[in-house]
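Enquirer: Residue numbers (this note's numbering): 191 to 440.
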């Protein structure tokens, strides 16, 4: 935050000062000037980022929760094998899966498409693992009582299970949104059209101007981190509840 409001002479001052002495908005003016000179409006980058982050997060939370429910509360052949595959997938770095992911998107014809960023987000293993572990703590007696009252599986899932695990899916929203908000690596691999690029990708392109844009880079960092911080502030009580709770007991 301090660097975003520092003039260049303070940014390069040695020894460095933590707090800004002469705050200025020049870094933000320079940033918006650079975007004004680009042929794609800044609002387009904002729309792309918000669209990818919101749709990807919503789809991930819904699919991860729907897949976690039978894994946590039902018995069927291959259940343990499926969950073991989920656990193993958490061990692979994004650098290891980069080439297979690109080949898959190419075969599906999704290169240079929003779906190249959104569809992989739907299948993040972390969300499935988190929701499954949290749903296992729901007492079976609660679900059996709902079945006796005539509730269908869908009614039990949406009206009982999802409200009970609200802290878990709010935590998942935080993690997923933050990942997609700064999805620069994915954008570099799959998106080539300027009108489809996200803010983070566009910011990094503009900042290739060298050391003279250090102040602009600080302004970019400030803007990019404010939205995830805002999301965390809105969900922090539930996130902390997820971290500390030991679950429901029969």
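A virtual CB, placed ideally from N, CA and C, is assigned to each residue, including glycine. Note that this is a predicted model, so its numbers are computed, not measured.
Less than 8 Å separating the beta-carbons of residue 409 and residue 221?
Expert: Against a cut-off of 8 Å, the Cβ pair of residue 221 and residue 409 comes out as a contact.
Enquirer: Return yes when the Cβ of residue 262 is within less than 8 Å of the Cβ of residue 334, no when it is not.
Expert: Cβ distance not < 8 Å, so residue 334 and residue 262 don't count as in contact.
Enquirer: For the region 353 to 368 against the region 199 to 209, are there 3 or more C-beta pairs whose distance is under 8 Å?
Expert: Because the criterion of three Cβ pairs below 8 Å is not met, the region 353 to 368 and the region 199 to 209 do not touch.
Enquirer: For a test of the three-state rule: what should DSSP assign to residue 226, helix, strand or coil?
Expert: Helix.
Enquirer: Where does the unbroken alpha helix (DSSP H) through residue 302 begin, and where does it stop?
Expert: Neither: residue 302 is in no alpha helix (DSSP H) and is coded neither H nor E.
Enquirer: Might you give, ordered along the chain, the residues of its own chain that have their beta carbon closer than 8 Å to the beta carbon of residue 344, omitting 5 neighbours on each side?
Expert: Excluding residues within five positions, none has a Cβ falling inside 8 Å.
Enquirer: Whose C-alpha, out of 212, 191, 217, 236, is nearest the C-alpha of residue 385?
Expert: It is 236 whose Cα lies nearest to the Cα of residue 385.
Enquirer: Anyone know if the C-beta pair for residue 362 and residue 415 falls short of 8 Å?
Expert: Cβ distance not < 8 Å, so residue 362 and residue 415 don't count as in contact.
Enquirer: Looking only at C-alpha atoms, which of 381, 418, 420 sits nearest to residue 299?
Expert: Checked all of 381, 418, 420; the closest Cα to residue 299 is 381.
Enquirer: Just the Cα atoms here: how many angstroms apart are residue 347 and residue 426?
Expert: Roughly 24 Å between the two C-alpha positions.
Enquirer: Might you give, ordered along the chain, the residues of its own chain that have their beta carbon closer than 6 Å to the beta carbon of residue 210, omitting 5 neighbours on each side?
Expert: Once the five neighbours on either side are set aside, the close Cβ partners of residue 210 are 192, 195, 196.
Enquirer: Alpha carbon to alpha carbon, how far is residue 207 from residue 312? Give it in angstroms, no decimals.
Expert: One C-alpha to the other measures close to 43 Å.
Enquirer: Classify residue 250 as helix, strand or coil using the three-state DSSP reduction.
Expert: Here residue 250 sits in helix by DSSP.
Enquirer: Could you compute how far the alpha carbon of residue 231 sits from the alpha carbon of residue 342?
Expert: Those two C-alpha atoms are separated by around 49 Å.
Enquirer: Under a Cβ-count criterion, where at least 16 other Cβ atoms within 10 Å of its own Cβ denotes burial, should residue 367 be classed as buried or exposed?
Expert: Per the 10 Å Cβ criterion, buried.
Enquirer: Please report the distance separating the alpha-carbon of residue 269 from that of residue 371.
Expert: Roughly 33 Å between the two C-alpha positions.
Enquirer: Taking Cβ positions, are residue 340 and residue 254 nearer each other than 8 Å?
Expert: Taking 8 Å as the Cβ cut-off, residue 340 and residue 254 do not qualify as a contacting pair.
Enquirer: If you follow the alpha helix (DSSP H) that residue 192 is part of, which residue opens it and which one closes it?
Expert: Counting along the chain, residue 192 falls outside any alpha helix (DSSP H), and DSSP gives it neither H nor E.
Enquirer: Would you decide whether residue 295 is buried or exposed? Buried here means 16 or more other CB atoms lie within 10 Å of its CB.
Expert: When all chains shown are included, residue 295 counts as buried.
Enquirer: Have a look at residue 349 and residue 373 and give me their C-alpha separation to the nearest angstrom.
Expert: About 33 Å.
Enquirer: Under a CB-based cut-off of 8 Å, is residue 331 close to chain B?
Expert: As a matter of chain content, chain B is missing from the structure shown, which is built from one protein chain.
Enquirer: What's the C-alpha gap between residue 394 and residue 328?
Expert: If I take the Cα positions, the gap works out to 45 Å.
Enquirer: What does the alpha-carbon distance come out to for the pair residue 273 and residue 324?
Expert: Answer to the nearest angstrom: the Cα atoms are 14 Å apart.
Enquirer: Quick one: grab the DSSP three-state call for residue 205.
Expert: Three-state result, residue 205: coil.
Enquirer: Which of the three DSSP states, helix, strand or coil, is assigned to residue 328?
Expert: Reduced to three states, the DSSP call for residue 328 is coil.
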